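Below: the structure, in structure tokens.
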Amino acid sequence: MSNAAAGAIDHHFDPSTSTGIPNKKLLMWAFLASDCMFFGCLISTHLIYRLHPPPGVPAARQVFSIELTSFSTFILLMSSLMMALAVNAIQKGNLKSLRASLLTTIFFGCIFLGCQVYEFNNFVFEKHLTITNSILGTTFFTLTGTHGCHVAVGVFWLMLMYVRSFQPRDTTSDRRWFLRNVLHILAFIATILLAMRLTLALVRGIEATGANLGTVAHFASIYFAAILGLVVSGGLLRWFARPAGPVAFDEANAIDVEMMGLYWHFVDIVWIVIFTVVYLLEYL
Amino acid sequence: MADALAKTNFLGREEHAAAPKPFVIWRPTAKTGLISWLTTVDHKRIGFLYGISALFFFLVGGVEALLIRIQLAVPNNHVLTSTQYNEMFTMHATTMIFLAIMPLSAAFFNFIMPLQIGARDVAFPRLNAFSFWTFLAGAIIINLGWFLKSGAPDAGWFSYAPLSTRTYTPGHALDMWVMGIQLLGVASIAASLNFVITIINLRAPGMTMMRLPVFTWMTLVTAFLIILAFPAITIALVELMMDRLFGTNFFEVSNGGMPILWTHLFWVFGHPEVYILILPGMGIISEILPTFSRKALFGYPIVVFSGASIGFLGFGVWSHHMFTTGMGTMGTAAFAVTTMAIAVPTGVKIFNWIGTMWGGHLQMRTPMMFALGFIWLFMLGGFSGIMHSAAPADAQQHNSYFVVAHFHYVLIGGSLFALLAGIHYWFPLMFGRKVSEVWGKVSFWVIFVGFNVTFFPLHFVGLNGMPRRTFTYDSNMGWNQGNMVATIGAFILGIGVAIYFGVMIYTYFKGERVGRDPWDARTMEWSLPNPPPEYNFRTIPEVHARDSWWYEKHHKAEVAQEKAKHAAAESAHGGIHMPFQSIYPFIAGIGILIGAIGISIIDANPDPHVIIGRKLAVTLVGFFVLVVSVYLWALEGNEGYHLHPEDEEGHS
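Protein chains in written order, with our numbering: chain A, 67 to 350; chain B, 27 to 678.
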């Protein structure tokens, strides 16, 4: 039980603690209890104000697009599945599978965030629901925006964990590793931001002028630099992920991934509650 | 167990043959000097940091209180303007609650609790340092208003909406209050998570939950209260901040907002907060009384369960602060009943303390005097509390000086007396010196008399109708005498506090030196030499009874054998594992401070020639510093080094 040889670690019992629960896991559970109260207060605020609408508040059903939100909800649920697979992979010491699962989780998380950005844009510019002009906008944007921040923090954490899994075993003789590490992170951030920006722009273009070659050509000409940037940052990402020597990331790090997984699942569960009481409730 | 402690995959990985090297830029190793304090992860040093900051802010809050009392000494007084008076009572309450009593409790949690459960540190030492630096950042933000032209926050410590909205309180002062409290919330929650994990997971072998010293139990209950209550104020503050900075409608009546929501969210936090302030004090008293009564605590399980049920019930009584808001009969009745119910476990505790002393061999030392003062004064405050729980009576007392008298009896007479008792009690452990009995008792009596002279008359002034938070009053209201007496009392109290701290400072430098366990106490922290070494315990003790040190004192041979065995097991695994010091918690605190200044103080006028506004730029700089330091913190890893105290002793 004292070494990191494959399969030798009991991931559910830590003999050094009084309860056998690893400290980090307990920390995350206690934090999530706190976060429950946090979201509880926000959701209550929304529900209370929903019952007392002042005159002139737009009807939520006219604003919401339940199809889009159902889609993004499904994607977020699937990201939880991928997160669970990532935890399982690292507990077995399978780095390749861990990285694939982490990347898929990040990808799904970004789709969810992209849908939210699209939705917010749509509400503000098409439906004229802003955070200041009605109490519905105030509670809706604050609540879903806070949740979105939680997802974004989760994506950032997943990304750092992914990059962390490339840390070489010996960083003392390889000091340049830190520079590579920072560039890796920056490339990842650039890839995510550019990809989201471009996808949203393309969707908007298609909405405006239809899905035809002209739209795509127009899009490509406007966003040429950004597309080039995406190709470069994506290439960098691939280059940094090339196999290079033994890494300092193994089964013993499973607890870190698991802790992150708990957070991710919690954020997912909160969304299920929000989806129910903010969106579905309006369609009863 | 000792084997398991020494080798684990979850805390450091020194057992692995080819352990991967973490990425470390700077490993501070200073054991003295400024750097050692900025980079410390030692729970005892962090406890001192909390304690010193708390005592400093306690004096600041005390000066504010004296200014309030000078202003109210005579009718139609104009020592302070009405605005200055508002700033004084707002900052007095905020300072005393968040910057004096809570951090002073946190100082004891940090210093004493790990020693009581036989741990070498808290579960997450660097997070613990981060909590302190974030607390300090919050304290700075709240008090920055004194030095800026905006002035200090002046909307009351509860900052009721709509008074606290941009319309009625323009200017940055309230933004600073909002951000400051927000940071204190982050600090408190982070610290409490740490304490919860420490108490649940880092107990020495044999230290079952029902063997925990009562102070540790109350730390646990308080930490849970903080974890579950602070999110409510966090959300309330977020909503207020959104209203103030981004023009949302949470408390904007013209657009459908309801200010009563603020009141509810505030007191959903605010009432558990009351127990956050008093439960640590109850824990301290439950340690002191048995020690000086030469008896075990009477009814230990009942004391523990009473504390826990106070914690539970504490979440169900918040609306008794709102009896006059027109909640309706049902709501009012329900909260009146729960409020009366919470008096039951509180009363049970008082009876248990009396039961502890009953038939005991009482030793009237200074800590004991403060503990007895606590019981008397807290009981008086409890009685007036019961009076408030009757909603019809409360309608009369609401917002009057009667309420002021009530909560000062529970906060000063309760929390503060207990904390002052705790300082006296644990002073020998912390510094190896003992306060002179004569001067200790003098300070006790002056504080005790001054306190009662100040606050007892306020009951009558309040019942005669004097409202809180008015900066002056007319001479024909019949409040003159009571106010004059209270002001004189406040100065006596001030002198008492001055004597108390004067004696403490004198004792720190020149006091009588004492050896280990000067009170002949019962709990584990007294088994240590004073001051305790950095690693606390040479060998992790094994606990056989509730009053574990008492047991050790009476089973010396058997315990010595056990210790030798544990020591052998531990040195076979490399010795005492100590966490490395780290600068990143401090840098993260600086990042948070910069970000909070950006959000609350910098004006939002974006220069058209600059791409992002100054406000956003400063906030982002703070955020960047925070993220970078947390990242380096993570890369550094939770590694540690090994100590071999037996070698050191051999060489010296």
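For glycine and all other residues, C-beta sits at the position ideal for the given N, C-alpha and C. A quick note: this is a predicted structure, and the numbers were derived from the prediction, not measured.
Beta carbon proximity, residue i to chain A, threshold 8 Å
i	result
E665/B	no
N227/B	yes
N478/B	no
P257/B	yes
I223/B	yes
N169/B	no
A21/B	Residue 21/B is absent from the structure shown; chain B starts at 27 and stops at 678.
M139/B	no
I336/B	no
I166/B	no
W659/B	no
I215/B	yes
R244/B	First, the amino acid is wrong: residue 244/B is Met here, not Arg. For M244/B, the answer is no, since every Cβ of chain A falls outside 8 Å of its Cβ.
Identity of the residue in the options nearest residue i by Cα
i	options	result
P121/A	L98/A, F178/A, L93/A, I201/A	I201/A
Y499/B	A155/B, V100/B, W465/B	V100/B
P454/B	H432/B, D573/B, P393/B	P393/B
V264/B	I638/B, W63/B, T191/B, V475/B	T191/B
M326/A	L268/A, I255/A, Y228/A	Y228/A
G440/B	D201/B, I304/B, L661/B	I304/B
I72/B	A360/B, I310/B, S157/B, G171/B	S157/B
I215/B	V343/B, L254/B, F184/B, M456/B	L254/B
G197/B	A155/B, Y667/B, L669/B, I628/B	I628/B
I143/B	I226/B, T382/B, T358/B, G354/B	I226/B
Y435/B	G476/B, S574/B, L189/B	G476/B
S138/A	F178/A, Q157/A, A150/A	F178/A
N136/B	N378/B, T242/B, K467/B	T242/B
Distance between residue j and residue i (C-alpha atoms, nearest Å)
i	j	result
H78/A	N319/A	13 Å
H250/A	H603/B	34 Å
H118/B	H297/B	18 Å
P327/B	F292/B	33 Å
T65/B	P48/B	18 Å
F186/A	R494/B	46 Å
Q110/B	A181/B	11 Å
A152/A	T645/B	34 Å
L117/A	V343/A	12 Å
K582/B	W95/A	40 Å
T55/B	C215/A	37 Å
Cβ of residue i within 8 Å of any chain B Cβ
i	result
P119/A	yes
A310/A	no
C107/A	yes
T204/A	yes
N187/A	no
N89/A	yes
S84/A	yes
L244/A	Checking the sequence shown, residue 244/A turns out to be Phe, not Leu. So, interface residue.
V336/A	no
Chain-ordered neighbours of residue i on chain B, where CB pairs are closer than 8 Å
i	result
A99/A	I253, L254
V123/A	G282
Limits of the alpha helix (DSSP H) - the one that residue i falls within
i	result
Y532/B	506-536
Y577/B	574-580
E273/A	243-275
S136/A	132-157
I304/B	285-319
I94/B	69-98
Partners in chain A for residue i, counting only beta-carbon separations shorter than 8 Å
i	result
F272/B	I197, T198
E265/B	T111, T208
Chain A contact residues for residue i, given Cβ-Cβ distances below 7 Å
i	result
I609/B	Residues of chain A passing the Cβ test: none, with the nearest at roughly 17 Å.
T260/B	F104
L219/B	L93, A96, F97
L291/B	C107
Host beta strand (DSSP E) of residue i (start-end)
i	result
M202/B	That residue, M202/B, is in no beta strand (DSSP E); its alpha helix (DSSP H) goes 199-227.
M604/B	602-605
R666/B	Inspection of the sequence shows that residue 666/B is occupied by Gly rather than by Arg. Note, G666/B: beta strand (DSSP E), 666-669.
Chain-ordered neighbours of residue i on chain B, where CB pairs are closer than 9 Å
i	result
Y115/A	N275, F276, G282, G283, M284, L287
Residue i beta carbon near the ligand HEM (any heavy atom closer than 7 Å)
i	result
C215/A	For the structure depicted, the ligand HEM is absent and the ligand set is empty, with no information on it obtainable.
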